[in-house]
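Following: one structure in structure tokens, then a few remarks.
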Amino acid sequence: MLDTIIIGAGPAGMAAGIYAARAELSHLVVESGLMSGGQIVNTSEVDNYPGLMGIGGFDLAMKFREHCDRCGVQFRSAAVTEVKQEEGGFLVSLEGGETHLAKTVLFATGARHRKLEIPGEAEYTGSGVSYCATCDGAFFKGKEVAVIGGGDVAVEDALFLARGCKKVYLVHRREEFRAAKTLVSRLRACENVELVLNAVPVRIDGNGQVEALLVKGADGEQKLLVAGVFIAVGMIPDTGLLKNLVTLDAAGYVVAGEDCRTSLPGIFAAGDMRTKPLRQVITAAADGATAIREIEVFLHQL
Ligand code: NAP
Numbered sequence: 004m005l006d007t008i009i010i011g012a013g014p015a016g017m018a019a020g021i022y023a024a025r026a027e028l029s030h031l032v033v034e035s036g037l038m039s040g041g042q043i044v045n046t047s048e049v050d051n052y053p054g055l056m057g058i059g060g061f062d063l064a065m066k067f068r069e070h071c072d073r074c075g076v077q078f079r080s081a082a083v084t085e086v087k088q089e090e091g092g093f094l095v096s097l098e099g100g101e102t103h104l105a106k107t108v109l110f111a112t113g114a115r116h117r118k119l120e121i122p123g124e125a126e127y128t129g130s131g132v133s134y135c136a137t138c139d140g141a142f143f144k145g146k147e148v149a150v151i152g153g154g155d156v157a158v159e160d161a162l163f164l165a166r167g168c169k170k171v172y173l174v175h176r177r178e179e180f181r182a183a184k185t186l187v188s189r190l191r192a193c194e195n196v197e198l199v200l201n202a203v204p205v206r207i208d209g210n211g212q213v214e215a216l217l218v219k220g221a222d223g224e225q226k227l228l229v230a231g232v233f234i235a236v237g238m239i240p241d242t243g244l245l246k247n248l249v250t251l252d253a254a255g256y257v258v259a260g261e262d263c264r265t266s267l268p269g270i271f272a273a274g275d276m277r278t279k280p281l282r283q284v285i286t287a288a289a290d291g292a293t294a295i296r297e298i299e300v301f302l303h304q305l
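Start counting the sequence shown at 4; every next residue gets the next number (the numbering used here).
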């Protein structure tokens with residue numbers, strides 16, 4: 004029986020792999036994607052990871068993977084189909100029927116950004132369309148941009164972007180905001196923010212790079228001439244395998260604190276799929292390290 008199985012090979016899973024290998028835990032990192040890295044593989048630049056300013060997301064993922072390989076992290080490429088509690092641990096089933104037993108399982112399966120599914124969105128992702136203002140905002144200094152959404156993330160993104168951008172349009176489909184009132188008050192006080200309410204995005208236009216966002220409101224269509232469109236309409240955590248095992252919050256995130264422990268002893272959660280205030284590469288990697296430390300404590304107590 005393995006000490007731990009880590010599911011997912013994004014920054015949280017790979018950091019956990021490095022810590023597990025260095026702690027000499029018997030382990031397996033199971034990844035279902037074509038390559039390691041998770042969300043950052045599709046991120047043009049990661050500009051806020053200390054010491055590696057401006058590194059491409061793909062390059063950072065490859066650096067993580069190279070580090071894993073040098074430490075002797077054990078990988079297995081397959082989709083996990085089920086995780087079941089067994090006497091003394093957990094049975095992890097992979098597609099094709101292969102199974103592995105482990106004393107603990109660390110979920111690091113991440114979360115996906117909800118998409119708008121409008122024309123231009125996929126085409127211009129990485130060329131003006133972004134799902135992360137903290138990551139990409141600096142590329143739009145002095146320019147006009149739009150943020151879509153009415154939750155905490157959209158309003159925080161708009162406030163963040165308003166510091167460096169010439170103008171920020173906040174496009175929201177309703178009059179009322181889901182975001183905290185204090186955030187909305189701060190947003191309303193920003194001189195370079197224009198609220199475009201009761202409006203839905205229809206299309207993103209451009210010529211190699213984003214040039215405009217078309218929105219539809221009660222008074223018809225309006226063309227916003229922007230260089231960037233920041234989409235913040237929520238996340239979809241990848242927690243389907245955990246539905247009947249541990250406590251999830253209303254949005255589907257695993258309820259787990261900074262120690263990455265879930266409601267079921269032996270099951271741990273690291274990275275974007277757990278409840279946390281900031282979902283970034285650095286916080287995911289930190290979770291991976293913390294989770295392995297907690298797994299070591301758990302194994303000693305067994
Ligand atoms: P969220 O709270 O679910 O808000 C998503 C927003 O996007 C909503 O305003 C929603 O509109 C809008 N939306 C959804 N689908 C849309 C579509 N197809 N077209 C147009 N608009 C659409 O998501 P979030 O802002 O990512 O936040 C996620 C969670 O993290 C929340 O629980 C939030 O409180 C938390 N969070 C907390 C903090 C903090 O405490 N500082 C910071 C960030 C995030 P409707 O309102 O009309 O549904």
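Glycine included, C-beta positions come from ideal geometry on N, C-alpha and C.
Residue i: CB within 7 Å of a non-hydrogen atom of the ligand NAP
i    : result
V307 : Residue numbering for the chain in the displayed model covers 4 to 305; residue 307 lies beyond these limits and cannot be assessed.
I207 : no
V196 : no
E69  : no
D155 : yes
H103 : no
P122 : no
G152 : yes
L173 : no
R181 : yes
P240 : no
L119 : yes
A254 : yes
Contact check, residue i vs residue j, beta carbons under 8 Å
i    : j    : result
R3   : P280 : The chain is shown only over 4 to 305; residue 3 falls outside these bounds and no answer can be derived.
V213 : V132 : yes
I270 : V300 : no
A24  : A111 : no
I234 : Y127 : no
D160 : A125 : no
E147 : A230 : yes
A165 : C193 : yes
L104 : L228 : no
G60  : E69  : no
E85  : L244 : yes
F93  : V83  : no
A149 : V232 : yes
I8   : V33  : yes
G113 : G274 : yes
DSSP state of residue i mapped onto helix, strand, coil
i    : result
I234 : strand
V32  : strand
G92  : strand
S133 : strand
T102 : strand
G209 : strand
Y22  : helix
V76  : coil
I121 : coil
T242 : coil
Option nearest residue i by Cα separation, candidates the options
i    : options                  : result
V158 : V132, V199, K118 and G57 : V199
D241 : G11, D160 and L5         : G11
R73  : Y22, E90 and V95         : Y22
C323 : E120, G40, M56 and L109  : Because the chain spans 4 through 305 in this model, residue 323 falls outside it and cannot be assessed.
I239 : N210, C138 and R277      : R277
For this session: Would you be able to state if there are at least three C-beta pairs under 8 Å between the region 69-85 and the region 261-279?
Result: no
Exercise. Is there contact between the region 289-298 and the region 9-17, where contact requires at least three CB pairs shorter than 8 Å?
Worked result: yes
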